[in-house]
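Chemist: Let me give you the structure first, and then I'll get to my questions.
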Ligand SMILES: Cc1ncc(C[n+]2csc(CCOP(=O)(O)OP(=O)(O)O)c2C)c(N)n1
Ligand SMILES: [Mg+2]
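Numbering (our numbering), first residue to last: 1164 to 1738.
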């Protein structure tokens, strides 16, 4: 035992020290915080460590809970490590709850913490402050509030169990399906002296699971004999190595890949000859084997199912506990870790399959890929020819050029333009695309968290005008400035909540709203110039509605971002 660890073990810690120690031992390297009065013990511990030069997680003060949680989500999406978030009591937790729910949907592991008082000033220890008595408490405790939208939620019982509970919470968050857990860390416990010495121990990586060979062989036999097998995937690329393993399986074994509009991650390159498009309905009855790879919700309505295809489900946790209703109709399950399972399946199928059949399937997939690509090219040519205004497809094509040139990562929070972003900006690399899951208004923060993770990498954030206005814009731009996180923000601005209008028209195609041209819940024409939010932060700002100016504006914006400042480009799109 080194002298240093000896000293560590006998030092008197308080709860704040234990919390930071536990985060450190979980491998947390950034603490995302939206401050509250419970965090003095954590700040003390951090300040002491910083003063003494002890390696310590980086601490970020963010000015809004959505920014703190959203950045943790973005950072976790790229690093695939458990994140730590400090919020304030019940109110801060409630403010951050939408983003925590977003992290639950996105499967990002994080330990979210905030406090409750235990004594309200009538205890023997330090006075927690009257605000806990008068303002902050919530009946049932904060951990009950967080329970429905976290993976696990608990109160820390005592200072003696704090360190281990925080580590356990992190390990729980990291297990599949990974997601946010919540810990109520009462202020009195954070303030309490820790009499017992800590025995610090780093958390080791989780163990991997594999499917047993018999299960893999059964599916390999089916794939080896299939005439027209198709993979549908939403999040294969969310697992480390998933993109590469899916690509190898699909291309080498001759399985077509469909990424539906519900895909939220880059799973296979849009240029892969195995990629045949986004239309599930087009293949559902023609395929003889459908392989769902990390695909929570393949068909809509859920009861829809293929006419004859055998359904294989490959997913470490196919039945996602946070989803209320889920229909998979599986004939076979493979539930090992994704990359390992796909690799084993590829090897086993290649061993059994007739090479001529595989060659024919690969040829057919390439032809389907080329046909989809020609369609895409034709759609783009038409959009680029529009002269009176900027078609959103034309904008997406220009952004694709930037993404390719800069090897950019795209964070997308568009709604009606989401399909266009996926099809026409697209992606070629693992982790090159993340759709923001859950409620609107987190995207800027997620993009900043992604930027924090990719460091010198280029980040493009695409967003509708409505979604942009849901974001804590000021607080997000401030975080961008404070922590030197330049991103390119492009608003697809149609001056409305177009999606709300489309929903209304679906239910009431000939209703009063149509007849009187009175569409409530839609109009955003009173919005201020959105790029003007950049001005107080000395960031690049531009508004553009003229297609002949778009290239210039985007080039200037890219140059600004590369020179270190965020750019807000507000593009008036035709629809
Ligand atoms: C927090 C939150 N509130 C409300 C909604 C409902 N909602 C979904 S899409 C949308 C409009 C988005 O507008 P915009 O970003 O301009 O996209 P467009 O519909 O114009 O494509 C709204 C209000 C939501 N998803 N999240
Ligand atoms: Mg809009």
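Ideal Cβ positions, reconstructed from N, Cα and C, are used throughout, including at glycine.
Since the model is a prediction, treat every value here as computed from it, not as a measurement.
Leaving out the 5 sequence neighbours to the left and right, which residues in its chain are closer than 7 Å to residue 1566 when beta-carbon positions are compared?
Modeler: Residue mapping note: residue 1566 aligns to position 403 of the chain shown, counting from 1. These residues qualify, in order along the chain: 1573, 1588 and 1623.
Chemist: Which of the three DSSP states, helix, strand or coil, is assigned to residue 1144?
Modeler: This structure cannot speak to residue 1144, because the chain is shown only from 1164 to 1738.
Chemist: In chain order, what residues of the same chain lie with their CB nearer than 8 Å to the CB of residue 1414, ignoring the 5 residues before and after it?
Modeler: Here residue 1414 corresponds to residue number 251 of the chain shown, with the count starting at 1. Hits under 8 Å: 1435, 1436, 1437 and 1525.
Chemist: Cutting at 7 Å between CB atoms, please list the residues of its own chain near residue 1643, excluding the five before and the five after it.
Modeler: Looking up residue 1643 in the chain shown gives position 480. Closer than 7 Å at Cβ, skipping near neighbours: 1611, 1649, 1650 and 1729.
Chemist: Taking 7 Å as the CB-CB limit, is residue 1453 close to chain B?
Modeler: In the structure shown, chain B does not exist; there is a single protein chain.
Chemist: Does the region 1255–1271 come close enough to the region 1316–1325 to have 3 or more Cβ pairs within less than 8 Å?
Modeler: no
Chemist: Have a look at residue 1212 and residue 1336 and give me their C-alpha separation to the nearest angstrom.
Modeler: As a working mapping, residue 1212 is identified with position 49 in the chain shown. As a working mapping, residue 1336 is identified with position 173 in the chain shown. Rounded to whole angstroms, residue 1212 to residue 1336 spans 26 Å at the Cα level.
Chemist: Apart from the five residues just before and just after residue 1426, which ones in its own chain have a Cβ nearer than 6 Å to its Cβ?
Modeler: For the purposes of this step, residue 1426 is taken as residue 263 along the chain shown, with counting starting at 1. Only 1397 meet the Cβ criterion.
Chemist: How many angstroms separate the CA atom of residue 1244 from the CA atom of residue 1410?
Modeler: Here residue 1244 corresponds to residue number 81 of the chain shown, with the count starting at 1. Here residue 1410 corresponds to residue number 247 of the chain shown, with the count starting at 1. If I take the Cα positions, the gap works out to 24 Å.
Chemist: Is the beta carbon of residue 1704 less than 7 Å from the beta carbon of residue 1694?
Modeler: Here residue 1704 refers to the residue found at position 541 of the chain shown. Here residue 1694 refers to the residue found at position 531 of the chain shown. Taking 7 Å as the Cβ cut-off, residue 1704 and residue 1694 qualify as a contacting pair.
Chemist: Using only the alpha-carbon positions, how far apart do residue 1186 and residue 1223 sit?
Modeler: Against the chain shown, residue 1186 aligns to sequence position 23. Against the chain shown, residue 1223 aligns to sequence position 60. Distance between the alpha carbons of residue 1186 and residue 1223: 14 Å.
Chemist: How far does the alpha helix (DSSP H) with residue 1273 in it extend, from its first residue to its last?
Modeler: The count along the chain shown starts at 1 and reaches residue 1273 at position 110. Not the alpha helix (DSSP H): residue 1273 falls in the beta strand (DSSP E), residues 1273–1277.
Chemist: Can you tell me whether DSSP reads residue 1675 as helix, strand or coil?
Modeler: The residue given as residue 1675 occupies position 512 in the chain shown. Reduced to three states, the DSSP call for residue 1675 is helix.
Chemist: Roughly how many whole angstroms lie between the Cα atoms of residue 1713 and residue 1707?
Modeler: Here residue 1713 refers to the residue found at position 550 of the chain shown. Here residue 1707 refers to the residue found at position 544 of the chain shown. Whole-angstrom Cα-Cα distance: 7 Å.
Chemist: Between residue 1628 and ligand 2, is the CB less than 6 Å from at least one heavy atom?
Modeler: Locating residue 1628 in the chain shown gives position 465, counting from the first residue. At least one heavy atom of ligand 2 is nearer than 6 Å to the Cβ of residue 1628, so yes.
Chemist: Here's the rule I'm using: 16 or more other beta-carbon atoms within 10 Å means buried, otherwise exposed. How should residue 1585 be labelled?
Modeler: Residue numbering aside, residue 1585 sits at position 422 when the chain shown is read from its first letter. Buried: at least 16 other Cβ atoms inside 10 Å.
Chemist: Check whether the Cβ of residue 1384 sits closer than 6 Å to any heavy atom of ligand 3, and report yes or no.
Modeler: By its list of ligands, the structure shown excludes ligand 3, since it contains just ligand 1 and ligand 2.
Chemist: With DSSP collapsed to three states, give me the class of residue 1171.
Modeler: Residue 1171 sits at position 8 when you count from the first residue of the chain shown. The predicted model places residue 1171 with a pLDDT of 47, which falls under 50 and marks its position as unreliable; any figure quoted below should be read in that light. Here residue 1171 sits in helix by DSSP.
Chemist: Less than 7 Å between the C-beta atoms of residue 1354 and residue 1597, yes or no?
Modeler: Sequence index remark: in the chain shown, residue 1354 carries index 191 (1-based). Sequence index remark: in the chain shown, residue 1597 carries index 434 (1-based). Contact flag unset, no.
Chemist: In this structure, does DSSP put residue 1452 in helix, strand or coil?
Modeler: If you number the chain shown from 1, residue 1452 lands on position 289. DSSP places residue 1452 in strand when its eight states are reduced to three.
Chemist: Have a look at residue 1659 and residue 1635 and give me their C-alpha separation to the nearest angstrom.
Modeler: By 1-based counting over the chain shown, the position of residue 1659 is 496. By 1-based counting over the chain shown, the position of residue 1635 is 472. Between residue 1659 and residue 1635, the C-alpha separation is close to 19 Å.
Chemist: Suppose only complete runs of 3+ residues qualify. What are the beta strand (DSSP E) ranges in the region 1240–1323, listed by chain order?
Modeler: 1246–1249, 1273–1277 and 1315–1318
Chemist: Alpha carbons only, please: which of 1302, 1182, 1220 and 1190 is nearest the one belonging to residue 1204?
Modeler: By 1-based counting over the chain shown, the position of residue 1204 is 41. Among 1302, 1182, 1220 and 1190, the Cα nearest to that of residue 1204 is on 1182.
Chemist: Is residue 1660 a contact residue of ligand 1, with contact defined as CB to any heavy atom under 6 Å?
Modeler: For the purposes of this step, residue 1660 is identified with residue 497 of the chain shown, where counting begins at 1. Answer for residue 1660: yes, Cβ within range of ligand 1.
Chemist: Starting from residue 1442, trace the alpha helix (DSSP H) both ways and give me its first and last residue.
Modeler: The count along the chain shown starts at 1 and reaches residue 1442 at position 279. Neither: residue 1442 is in no alpha helix (DSSP H) and is coded neither H nor E.
Chemist: Would you mind working out which of 1568, 1599 and 1638 sits nearest residue 1627, comparing C-alpha positions?
Modeler: Numbered from 1 along the chain shown, position 464 holds the residue referred to as residue 1627. Taking the Cα of residue 1627 as reference, the smallest distance to any Cα among 1568, 1599 and 1638 is reached at 1599.
Chemist: For residue 1476 and residue 1562, which I take to be in contact (beta-carbon distance under 8 Å), what is that distance rounded to the nearest angstrom?
Modeler: Position 313 of the chain shown holds residue 1476. Position 399 of the chain shown holds residue 1562. No, residue 1476 and residue 1562 are not in contact; Cβ-Cβ is about 34 Å, not under 8 Å.
Chemist: Going by DSSP, which residues form a beta bridge with residue 1223?
Modeler: Position 60 of the chain shown, counted from the start, is the residue given in the question as residue 1223. Its beta-bridge partners are 1195.
Chemist: What is the residue span of the beta strand (DSSP E) that residue 1500 lies within?
Modeler: Your numbering for residue 1500 matches position 337 in the chain shown. From DSSP, residue 1500 is part of no beta strand (DSSP E); its letter is neither H nor E.
Chemist: Using 6 Å as the cut-off, classify the Cβ of residue 1342 as near or not near the heavy atoms of ligand 1, replying yes or no.
Modeler: Here the question's residue 1342 lines up with position 179 in the chain shown. Flag unset: Cβ of residue 1342 not near ligand 1.
Chemist: Any heavy atom of ligand 1 closer than 6 Å to the Cβ of residue 1579?
Modeler: Here residue 1579 refers to the residue found at position 416 when the chain shown is read from its first residue. Yes - ligand 1 has a heavy atom lying nearer than 6 Å to the Cβ of residue 1579.
Chemist: Cβ of residue 1272 within 7 Å of Cβ of residue 1197?
Modeler: On the chain shown, position 109 is the one that residue 1272 refers to. On the chain shown, position 34 is the one that residue 1197 refers to. Their beta carbons are not under 7 Å apart, which means residue 1272 does not touch residue 1197 by this criterion.
Chemist: Measuring CA to CA, which of 1385, 1646, 1351 and 1386 is closest to residue 1616?
Modeler: Within the chain shown, the letter at position 453 stands for residue 1616. Among 1385, 1646, 1351 and 1386, the Cα nearest to that of residue 1616 is on 1646.
Chemist: Taking all protein chains shown into account, do 16 or more other C-beta atoms lie within 10 angstroms of the C-beta of residue 1670, making it buried, or fewer, making it exposed?
Modeler: Translated into the one-based positions of the chain shown, residue 1670 becomes position 507. By the 10 Å Cβ count, residue 1670 comes out exposed.
Chemist: Who are the Cβ neighbours of residue 1468 in its own chain at under 7 Å, not counting the five residues just before and after it?
Modeler: Against the chain shown, residue 1468 aligns to sequence position 305. Within its own chain, the residues whose Cβ lies closer than 7 Å to the Cβ of residue 1468, once the five positions on either side in sequence are excluded, are 1462 and 1492, listed in chain order.
Chemist: In angstroms with no decimal places, state the Cα-to-Cα distance between residue 1738 and residue 1506.
Modeler: In the chain shown, counting from the first residue as 1, residue 1738 sits at position 575. In the chain shown, counting from the first residue as 1, residue 1506 sits at position 343. Using only the alpha carbons, I get a separation of about 43 Å.
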